[in-house]
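So in the UniProt record's numbering the end of the sequence shown lands on 456, straight run, no missing numbers. C-beta: ideal position from N, C-alpha, C; glycine also. Some notes on the structure that comes next.
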Amino acid sequence: MSTTSTRGKPDAGPAQQPFTYPLRKEFVEPDWRRIPGYKDVTAAEWESSVWQRKHTVKNLRELKATLGELLPDDLAASMELDQKERATMSILVPPQMLNTMNLEDLWSDPVRRYMLPALADRRTDWPNHPRASRDSLHEADMWVVEGLTHRYPTKVLAEMLPTCPQYCGHCTRMDLVGNDVPQVSKHKFATGQKERYEQMLDYLRRTPTVRDVVVSGGDIANLPIQALEPFVSALMDIPNIRDIRLASKGLMALPQHFLQDNVLAGLDRLAKKAVERGVDLALHTHVNHAQQLTPLVGKAVRKLLDMGFRDVRNQGVLLRGVNDSPKALLDLCFTLLDHAKILPYYFYMCDMIPNSEHWRLSVAQAQKLQHDIMGYMPGFATPRIVCDVPFVGKRWIHQVAEYDRERGISYWTKNYRTSVEANDAGALERKYEYFDPIDTLPESGQAWWRDQPKAA
Numbered sequence: 001m002s003t004t005s006t007r008g009k010p011d012a013g014p015a016q017q018p019f020t021y022p023l024r025k026e027f028v029e030p031d032w033r034r035i036p037g038y039k040d041v042t043a044a045e046w047e048s049s050v051w052q053r054k055h056t057v058k059n060l061r062e063l064k065a066t067l068g069e070l071l072p073d074d075l076a077a078s079m080e081l082d083q084k085e086r087a088t089m090s091i092l093v094p095p096q097m098l099n100t101m102n103l104e105d106l107w108s109d110p111v112r113r114y115m116l117p118a119l120a121d122r123r124t125d126w127p128n129h130p131r132a133s134r135d136s137l138h139e140a141d142m143w144v145v146e147g148l149t150h151r152y153p154t155k156v157l158a159e160m161l162p163t164c165p166q167y168c169g170h171c172t173r174m175d176l177v178g179n180d181v182p183q184v185s186k187h188k189f190a191t192g193q194k195e196r197y198e199q200m201l202d203y204l205r206r207t208p209t210v211r212d213v214v215v216s217g218g219d220i221a222n223l224p225i226q227a228l229e230p231f232v233s234a235l236m237d238i239p240n241i242r243d244i245r246l247a248s249k250g251l252m253a254l255p256q257h258f259l260q261d262n263v264l265a266g267l268d269r270l271a272k273k274a275v276e277r278g279v280d281l282a283l284h285t286h287v288n289h290a291q292q293l294t295p296l297v298g299k300a301v302r303k304l305l306d307m308g309f310r311d312v313r314n315q316g317v318l319l320r321g322v323n324d325s326p327k328a329l330l331d332l333c334f335t336l337l338d339h340a341k342i343l344p345y346y347f348y349m350c351d352m353i354p355n356s357e358h359w360r361l362s363v364a365q366a367q368k369l370q371h372d373i374m375g376y377m378p379g380f381a382t383p384r385i386v387c388d389v390p391f392v393g394k395r396w397i398h399q400v401a402e403y404d405r406e407r408g409i410s411y412w413t414k415n416y417r418t419s420v421e422a423n424d425a426g427a428l429e430r431k432y433e434y435f436d437p438i439d440t441l442p443e444s445g446q447a448w449w450r451d452q453p454k455a456a
């Protein structure tokens with residue numbers, strides 16, 4: 001109910017809000033010297049991509065040597081069990097990312113929870129959804145040539161390589177990316193890199209309906225600029241290609257890579273050619289929590305924007321225990337905007353890969369989060385929460401056609417055919433299923449799932 005002042009005008013002013021702005025956390029590079037293994041590391045070494053890669057933590061033994069007494073014994077033991085029994089990705093954490101963790105409480109730290117999962121983090125009642133699958137989005141089923149997924153009418157995904165500077169526990173491409181682990185023998189590309197790239201370019205030259213290419217992997221931060229630059233430059237020579245998005249979580253986890261002179265020079269040449277050809281060139285990164293953003297990330301982003309990249313955008317993933325509250329999402333979005341100059345773009349629901357149930361949220365929970373973050377940021381910078389539905393694609397979480405909350409099954413429709421449905425007359429009439437985490441369902445719904453056979 002509004003009030004009126006003595007001059008007849010409304011009494012207006014800042015109101016108390018559920019979320020307080022401006023942010024109170026200082027935007028600084030955490031002091032890496034607090035970490036026993038880095039106590040003598042100089043600023044020059046820390047800002048070196050070569051040093052960061054050389055000292056990336058690749059196993060539990062190296063993690064213990066780096067963190068020393070900062071790593072609780074019970075957490076180390078739980079992570080060791082997780083690697084043996086549940087993890088779909090091996091350990092790979094650059095010093096830059098390790099330095100953003102809360103080392104005073106690693107058990108509860110949101111970055112640790114998804115980069116260094118422990119067996120105790122995971123659910124024991126439903127560690128795995130019965131319908132989970134290794135290639136949960138069926139990207140390989142939609143390869144038109146090896147590594148090139150044609151899923152949308154005008155857009156393709158080019159998987160350039162199967163490695164990253166860091167391995168996230170929830171990786172949606174766990175079927176392809178990274179080293180073999182006890183739970184997963186990874187898929188291997190059968191065609192040599194040079195031949196695969198040429199096959200991709202040849203398909204795009206023959207397919208004028210494609211205007212948008214996502215250049216990903218793995219992570220383009222692991223692709224030498226001598227290989228990345230000619231491929232992206234060749235894309236710009238194809239008349240129908242109007243948008244190119246480079247995908248790299250490494251921008252956040254290893255910003256030092258993007259501050260190397262040779263990498264900056266190659267990206268600068270691409271940015272100038274993009275302007276000349278009328279092509280929009282952008283970079284997409286993947287940040288899930290505000291504490292992962294530091295001044296070095298902001299410095300790398302400004303270099304890209306100054307050379308003419310159209311945008312640097314963030315595509316995060318909703319993860320339980322990491323960013324599943326309005327405050328965590330708004331902290332992240334405002335830190336992206338105000339300090340790193342990165343545009344909040346998407347938050348995906350965590351995909352249905354094996355052993356991911358402790359991270360996943362239900363569609364209903366995602367819908368509430370979308371509601372709760374609206375109105376704080378400018379519209380162009382308000383991220384959309386999307387559900388990536390198998391054989392459908394990204395859908396805003398309120399686009400669900402039907403939703404059985406008892407069994408946790410949502411039903412989705414689409415208005416285009418993927419490459420595997422080119423002659424499927426029923427593709428546009430079909431309803432496609434997506435499944436909530438079973439532990440979010442009422443007991444009756446959980447009981448129903450106990451009686452269902454597991455997917456093959």
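Q | Cα-Cα separation between W107 and R113, rounded to whole angstroms | A | For this step, residue 107 is matched to residue 107 along the sequence shown. For this step, residue 113 is matched to residue 113 along the sequence shown. Cα-Cα distance, rounded: 8 Å.
Inset, instruction - Return helix, strand or coil for D74, following the three-state DSSP convention. - result: The residue you call residue 74 lines up with position 74 of the sequence shown. Helix, per DSSP.
> Taking the runs of the beta strand (DSSP E) that are 3 residues or longer, which of them lie wholly in the segment 159-240?
Replying inline: Qualifying beta strand (DSSP E) stretches, in chain order: 212-216.
When the Cα of P130 is compared with those of P354, P390, S90, D141, which residue comes out closest? Position 130 of the sequence shown, counted from the start, is the residue given in the question as residue 130. Cα-wise, what sits closest to P130 is P354.
Within 8 Å, do at least three Cβ pairs link the segment 33-50 to the segment 78-88? no
For Q452, does the count of other Cβ atoms within 10 angstroms reach 16, so buried, or fall short, so exposed? For the purposes of this step, residue 452 is taken as residue 452 along the sequence shown, with counting starting at 1. Residue burial is scored here from C-beta neighbours: Q452 has fewer than 16 other C-beta atoms within 10 angstroms and is therefore classed as exposed.
Taking T88 and Q183 to be in contact with their CB atoms under 8 Å, please state how far apart those CB atoms are, rounded to whole angstroms.
-> Taking the sequence shown and counting its residues from 1, one reaches residue 88 at position 88. Taking the sequence shown and counting its residues from 1, one reaches residue 183 at position 183. With 8 Å as the limit, T88 and Q183 qualify as a contact, their Cβ atoms being about 6 Å apart.
Is it the case that the segment 120-128 contacts the segment 176-196, given that we only count it when at least three CB pairs across the two stretches are under 8 Å? no
Item checked: For Q315: DSSP bridge partner residues -> Position 315 of the sequence shown, counting from 1, holds the residue named residue 315. Paired residues: Y346.
Item to check | 8 Å Cβ shell around residue 464 - same chain, five flanking residues per side excluded | outcome: Here the chain comprises residues numbered 1 to 456, so residue 464 is not present and cannot be evaluated.
Review point. Under three-state DSSP, which class holds D388?
Key: Taking the first residue of the sequence shown as 1, we reach residue 388 at position 388. In the structure shown, D388 falls within a strand segment according to DSSP collapsed to helix, strand and coil.
| query | What does C376 pair with, by DSSP beta-bridge criteria? | reply | Translated into the one-based positions of the sequence shown, residue 376 becomes position 376. Here residue 376 turns out to be Tyr, not Cys, going by the sequence shown. Paired residue(s): none; Y376 is not in a bridge.
Report task. Look up A282 in the DSSP assignment and give the residues it is bridged to. Result -> One-based indexing of the sequence shown puts residue 282 at position 282. Looking at the DSSP assignment, A282 forms a beta bridge with R245, D311.
message: When you compare the CB positions of R245 and H284, do they come within less than 8 Å of one another, or not?
response: Residue mapping note: residue 245 aligns to position 245 of the sequence shown, counting from 1. Residue mapping note: residue 284 aligns to position 284 of the sequence shown, counting from 1. Yes, the pair counts as a contact, with Cβ atoms nearer than the cut-off.
- Tell whether a beta-carbon distance below 8 Å holds between E146 and G217. Locating residue 146 in the sequence shown gives position 146, counting from the first residue. Locating residue 217 in the sequence shown gives position 217, counting from the first residue. In this structure, G217 does not lie closer than 8 Å to E146 by Cβ.
Item to check | Residues near D109 in its chain [Cβ-Cβ closer than 7 Å; skip 5 each side] | outcome: Along the sequence shown, read from residue 1 onward, the residue named residue 109 stands at position 109. Taken in chain order, the residues that qualify are M101, N102.
*asked:* Please list the terminal residues of the continuous alpha helix (DSSP H) segment that includes G266.
replied: The residue labelled residue 266 in the question sits at position 266 within the sequence shown. In the DSSP assignment, G266 falls within the unbroken alpha helix (DSSP H) covering 261-277.
Next on the checklist: By the three-class DSSP mapping on this structure, what secondary structure does I397 have?
Outcome noted: The sequence position of residue 397 within the sequence shown is 397, counting from 1. Correct three-state label for I397: helix.
Q) Using 8 Å as the Cβ pair cut-off and three pairs as the minimum, do the segment 318-332 and the segment 138-156 touch? A) no
Q: Starting from L254, follow its DSSP beta bridges and name the residues at the other end.
A: Here residue 254 is taken as the residue at index 254 of the sequence shown, counted from 1. L254 is not bridged to any residue.
Handout entry: Contact set for P295: own chain, Cβ-Cβ below 6 Å, skip 5 residues either direction
Key = Here the question's residue 295 lines up with position 295 in the sequence shown. Counting only Cβ-Cβ distances below 6 Å, and skipping sequence neighbours, we find E29.
*asked:* Between which two residues does the alpha helix (DSSP H) holding residue 484 run?
replied: Any question about residue 484 goes unanswered here, given that the chain covers just 1 to 456.
inquiry  = Which residues does DSSP list as the beta-bridge partners of E402?
reply    = To locate residue 402, count along the sequence shown from 1; it is residue 402. According to DSSP, which records beta bridges pairwise, E402 is partnered with Y411.
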